[in-house]
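There are 2 protein chains.
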Amino acid sequence: MKYSEAKFKFISTWGSLGSLWGINKAMAQIQALLFISTKPLSMEDIMEELKISRGNTSMNLRQLMDWGIVTKELIPGERKEFFTTEKDVQELTRIIAKERSRRELQPVIKVLNDVSSIKDDGTEKTKELIKQTKALHDLTQNADAMLNKLITQKQNWLTKSIIKLIK
Amino acid sequence: MKYSEAKFKFISTWGSLGSLWGINKAMAQIQALLFISTKPLSMEDIMEELKISRGNTSMNLRQLMDWGIVTKELIPGERKEFFTTEKDVQELTRIIAKERSRRELQPVIKVLNDVSSIKDDGTEKTKELIKQTKALHDLTQNADAMLNKLITQKQNWLTKSIIKLIK
DNA sequence: ATAAACTTTCAATAATTATTGAAAGTTTAA
DNA sequence: TTAAACTTTCAATAATTATTGAAAGTTTAT
Chain A
43 MKYSEAKFKF ISTWGSLGSL WGINKAMAQI QALLFISTKP LSMEDIMEEL
93 KISRGNTSMN LRQLMDWGIV TKELIPGERK EFFTTEKDVQ ELTRIIAKER
143 SRRELQPVIK VLNDVSSIKD DGTEKTKELI KQTKALHDLT QNADAMLNKL
193 ITQKQNWLTK SIIKLIK
Chain B
43 MKYSEAKFKF ISTWGSLGSL WGINKAMAQI QALLFISTKP LSMEDIMEEL
93 KISRGNTSMN LRQLMDWGIV TKELIPGERK EFFTTEKDVQ ELTRIIAKER
143 SRRELQPVIK VLNDVSSIKD DGTEKTKELI KQTKALHDLT QNADAMLNKL
193 ITQKQNWLTK SIIKLIK
């Protein structure tokens, strides 16, 4: 397999995996491209490589920046903006976990909590609704706790990195 | 909050959370409805409750059965087929984890593995591609291992259930 | 074998989501 | 202040995905 073929395959595969992370194709592909790039890329570079429009690139770069995955890099003497992505995969995982929890899990936990606290009128169906909603509430809560654990490990990672630096 | 309101809220919330699990709205809503139902439901019941067409109901029930989440229940004296869902939330999590791993993670692991084994021609960009693809390969592998761990815990769960039964 | 009761399939259609491109907006250099 | 270089916005359009409904298929009872 040649480099260009491998690169293409990597970008498109990672792009389609995006749905697993809850991010769209273009977003995932931009991230993938930056991920294997050895230097920051401009909007022009990205448009060119991925054959996507300026608008699309702009919007998805912005979203990636909102998520905290991509950052602007200012290159002295250049008018254009350049972009890089978080290169540590573990860190990337943490960022995504945190964002998805905040955006998707939290609202669900709230609703499940509301629903599971309806008045128990003693009928079987009400009992079942309460019981099962509570079970899901626990599960979702749990998933959130797991994500949070992942996130707090960031502290350790950061600490370790700093220790490594000052040693 | 009244029962019917709570029920509706629960079904629609769980339905929209479906995307988080990688299943579509109707599929998630059918599962939610069965989840809080105290008795098996027929296709007719489901169509009626969720206001969806016969075809849609049929296709999504089938998919849920493919996933192993929903099972047909034969009720003596009834011509219609009735359906129930796995009621144990943990078990549900395991089934979904397993299916998603099989359907989505496995193919990605394969591609990442292929890509990361391209010939190292010594250039910086090739090195970066190999390095980063390997990192993602490890991550995906890891995610898969986690899901598998979750799945094997099923054994314990089963054992416990059986012990509980025979005690 | 027939017909009623039910389920599945699938082409057509609707709903949703992603993408484009050009106009409007912003920043920088001179 | 002007204009060139660049980015953002957003209405229009394209692509994708979900849903319908009716015809075809299957099963069961007589």
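Protein chains in written order, with our numbering: chain A, 43 to 209; chain B, 43 to 209.
Glycine included, each C-beta is placed from N, C-alpha and C at the ideal position.
Per the DSSP calculation, Thr126 (chain B) is bridged to which residue(s)? Counting from one through the second sequence, the residue named residue 126 (chain B) turns up at place 84. According to DSSP, Thr126 (chain B) bridges with B:Thr113.
Is DSSP giving Ser158 (chain B) helix, strand or coil here? The residue labelled residue 158 (chain B) in the question sits at position 116 within the second sequence. Note: Ser158 (chain B) maps to helix in three-state DSSP.
Based on DSSP bridge pairs, tell me the residues matched to Ser84 (chain B). Locating residue 84 (chain B) in the second sequence gives position 42, counting from the first residue. DSSP lists B:Phe124 as partners of Ser84 (chain B).
If I follow the unbroken alpha helix (DSSP H) through Arg136 (chain A), where does it start and stop? Locating residue 136 (chain A) in the first sequence gives position 94, counting from the first residue. Unbroken alpha helix (DSSP H) run through Arg136 (chain A): Val131 to Arg142.
Evaluate contact between the segment 65-84 of chain A and the segment 147-159 of chain A, counting only Cβ atoms and requiring at least three cross-stretch pairs below 8 Å. Counting Cβ pairs under 8 Å, fewer than three are found: no touch.
For Leu83 (chain B) and Trp56 (chain B), I'd like the C-alpha separation in whole angstroms. Indexing the second sequence from 1 puts residue 83 (chain B) at position 41. Indexing the second sequence from 1 puts residue 56 (chain B) at position 14. Their backbone Cα atoms lie some 18 Å apart in a straight line.
Rounded C-alpha distance that separates Ala139 (chain A) from Ile117 (chain B): Taking the first residue of the first sequence as position 1, residue 139 (chain A) is located at position 97. Taking the first residue of the second sequence as position 1, residue 117 (chain B) is located at position 75. Using only the alpha carbons, I get a separation of about 44 Å.
Residues, ordered as in the chain, of the segment 105-132 of chain B that lie near chain A by beta-carbon distance below 9 Å: Listed in sequence order: Lys129, Asp130, Val131 and Gln132.
Suppose you measure from the CA of Asp156 (chain A) to the CA of Met43 (chain B); what does that come to, to the nearest Å? In the first sequence, counting from the first residue as 1, residue 156 (chain A) sits at position 114. In the second sequence, counting from the first residue as 1, residue 43 (chain B) sits at position 1. It is roughly 9 Å from the alpha-carbon of Asp156 (chain A) to the alpha-carbon of Met43 (chain B).
Closest Cβ-Cβ distance between Ile160 (chain A) and chain B: below 8 Å? The residue given as residue 160 (chain A) occupies position 118 in the first sequence. Judged by the 8 Å Cβ criterion, Ile160 (chain A) is in contact with chain B.
Find the nearest neighbour of Gln105 (chain A) within the set A:Ser54, A:Met69 and A:Leu171, judged by alpha-carbon distance. Indexing the first sequence from 1 puts residue 105 (chain A) at position 63. The shortest C-alpha separation from Gln105 (chain A) is found at A:Met69.
When you compare only the Cα positions, how much space is there between Ile65 (chain B) and Thr126 (chain A)? Residue 65 (chain B) sits at position 23 when you count from the first residue of the second sequence. Residue 126 (chain A) sits at position 84 when you count from the first residue of the first sequence. The alpha-carbon atoms of Ile65 (chain B) and Thr126 (chain A) are separated by roughly 32 Å.
Excluding five sequence neighbours on each side, which residues of the same chain lie with their C-beta closer than 7 Å to the C-beta of Leu178 (chain A)? Counting from 1 along the first sequence, the entry for residue 178 (chain A) is found at position 136. Leu154.
Would you identify the three-state DSSP class for Pro149 (chain A), choosing helix, strand or coil? Within the first sequence, the letter at position 107 stands for residue 149 (chain A). In the displayed model, Pro149 (chain A) falls within a helix according to three-state DSSP.
Find the nearest neighbour of Glu146 (chain A) within the set A:Gln183, A:Ser54 and A:Thr135, judged by alpha-carbon distance. Numbered from 1 along the first sequence, position 104 holds the residue referred to as residue 146 (chain A). The shortest Cα separation from Glu146 (chain A) among A:Gln183, A:Ser54 and A:Thr135 belongs to A:Gln183.
Quick check on Gly64 (chain A): does DSSP put it in helix, strand or coil? Reading the first sequence from its first residue, position 22 is the one you call residue 64 (chain A). In the structure shown, Gly64 (chain A) sits in coil (DSSP, three-state: anything other than H, G, I, E or B).
Just checking my contact of Glu123 (chain A) with Met85 (chain A) at CB under 8 Å: how many whole Å lie between their CB atoms? Indexing the first sequence from 1 puts residue 123 (chain A) at position 81. Indexing the first sequence from 1 puts residue 85 (chain A) at position 43. With 8 Å as the limit, Glu123 (chain A) and Met85 (chain A) qualify as a contact, their Cβ atoms being about 7 Å apart.
Chain B contacts from the segment 153-178 of chain A (Cβ-Cβ distance under 9 Å): Answer set for the segment 153-178 of chain A: Val153, Leu154, Asp156, Val157, Ser158, Ser159, Ile160, Lys161, Asp163, Thr165, Glu166, Lys167, Thr168, Lys169, Glu170, Leu171, Ile172, Lys173, Gln174, Thr175, Ala177 and Leu178.
Contact set between Met51 (chain B) and chain A, taken where Cβ atoms lie within less than 9 Å: Start at 1 with the first residue of the second sequence, and residue 51 (chain B) comes out as number 9. The sequence as given places Lys at residue 51 (chain B); Met does not occur at that position. Contact of Lys51 (chain B) with chain A by beta-carbon distance below 9 Å involves Val153, Asp156 and Val157.
Do Ile111 (chain B) and Glu128 (chain B) have their CB atoms nearer than 8 Å? As a working note, residue 111 (chain B) is residue 69 in the second sequence. As a working note, residue 128 (chain B) is residue 86 in the second sequence. Result yes, Cβ atoms of Ile111 (chain B) and Glu128 (chain B) sit closer than 8 Å.
In angstroms with no decimal places, state the Cα-to-Cα distance between Tyr45 (chain B) and Ile94 (chain A). Against the second sequence, residue 45 (chain B) aligns to sequence position 3. Against the first sequence, residue 94 (chain A) aligns to sequence position 52. Our two residues, Tyr45 (chain B) and Ile94 (chain A), have alpha carbons roughly 49 Å apart in a direct line.
Measure from the alpha carbon of Met101 (chain B) to the alpha carbon of each residue in B:Val131, B:Lys67 and B:Gln132, then state which is nearest. In the second sequence, counting from the first residue as 1, residue 101 (chain B) sits at position 59. For the residues B:Val131, B:Lys67 and B:Gln132, the minimum Cα distance to Met101 (chain B) belongs to B:Lys67.
Can a CB atom of chain B be found closer than 8 Å to the CB of Ala48 (chain A)? Within the first sequence, the letter at position 6 stands for residue 48 (chain A). True, the Cβ-Cβ gap to chain B drops below 8 Å.
Is Gln183 (chain A) near the ligand COA - that is, is its Cβ less than 7 Å away from at least one heavy atom of it? This structure lacks the ligand COA, and indeed carries no ligand of any kind.
Since Phe52 (chain B) and Thr175 (chain A) should fall inside the 8 Å C-beta cutoff, what is the C-beta to C-beta distance between them, to a whole number of angstroms? To locate residue 52 (chain B), count along the second sequence from 1; it is residue 10. To locate residue 175 (chain A), count along the first sequence from 1; it is residue 133. Distance from Phe52 (chain B) to Thr175 (chain A) at the Cβ level is roughly 6 Å; contact confirmed, criterion being Cβ atoms closer than 8 Å.
Using a Cβ cut-off of 8 Å, pull out every chain B residue sitting near Ile78 (chain A), in sequence order please. By one-based count along the first sequence, residue 78 (chain A) stands at place 36. Simply Lys167, Glu170, Leu171, Gln174 and Thr175.
Closer than 6 Å by C-beta to Trp63 (chain B): which residues in its own chain qualify, once you throw out the five before and the five after it? Chain order, please. Stepping through the second sequence from its first residue, residue 63 (chain B) is reached at position 21. These residues qualify, in order along the chain: Ile138.
Chain B contact residues for Leu83 (chain A), given Cβ-Cβ distances below 9 Å: Along the first sequence, read from residue 1 onward, the residue named residue 83 (chain A) stands at position 41. The contacting residues do not exist; Leu83 (chain A) stays about 12 Å from chain B at best.
Cβ shell of Lys114 (chain B) (< 8 Å), same chain only, five flanking positions each side left out: Here residue 114 (chain B) corresponds to residue number 72 of the second sequence, with the count starting at 1. Taking Lys114 (chain B) as the centre and dropping the five residues before and after it, the same chain places the C-beta of Met107, Glu123, Phe124 and Phe125 closer than 8 Å to its C-beta, in chain order.
Suppose you measure from the CA of Thr80 (chain B) to the CA of Arg96 (chain A); what does that come to, to the nearest Å? For the purposes of this step, residue 80 (chain B) is taken as the residue at position 38 of the second sequence. For the purposes of this step, residue 96 (chain A) is taken as the residue at position 54 of the first sequence. Separation of Thr80 (chain B) and Arg96 (chain A) (C-alpha to C-alpha, rounded to the nearest whole angstrom) is 54 Å.
Please decide whether Trp199 (chain A) counts as near chain B, where near means a Cβ-Cβ distance under 8 Å. Counting from one through the first sequence, the residue named residue 199 (chain A) turns up at place 157. For Trp199 (chain A), the predicted structure reports a pLDDT of 49, less than 50, and the residue's modelled location is therefore unreliable. The matter cannot be settled from this model.
Can you have a look at Arg144 (chain B) and say buried or exposed, based on whether 16 or more other CB atoms are within 10 angstroms of its CB? What you label residue 144 (chain B) is simply residue 102 of the second sequence in a count that begins at 1. Under this definition Arg144 (chain B) is an exposed residue.
With H, G and I counted as helix, E and B as strand and the rest as coil, what does DSSP make of Asp163 (chain B)? Along the second sequence, one-based indexing puts residue 163 (chain B) at 121. Coil.
Determine the burial state of Asp130 (chain B): buried for a count of at least 16 other Cβ atoms within 10 Å of its Cβ, exposed for fewer. In the second sequence, residue 130 (chain B) corresponds to position 88, counting from 1. With fewer than 16 other beta carbons inside 10 angstroms of its own, Asp130 (chain B) counts as exposed.
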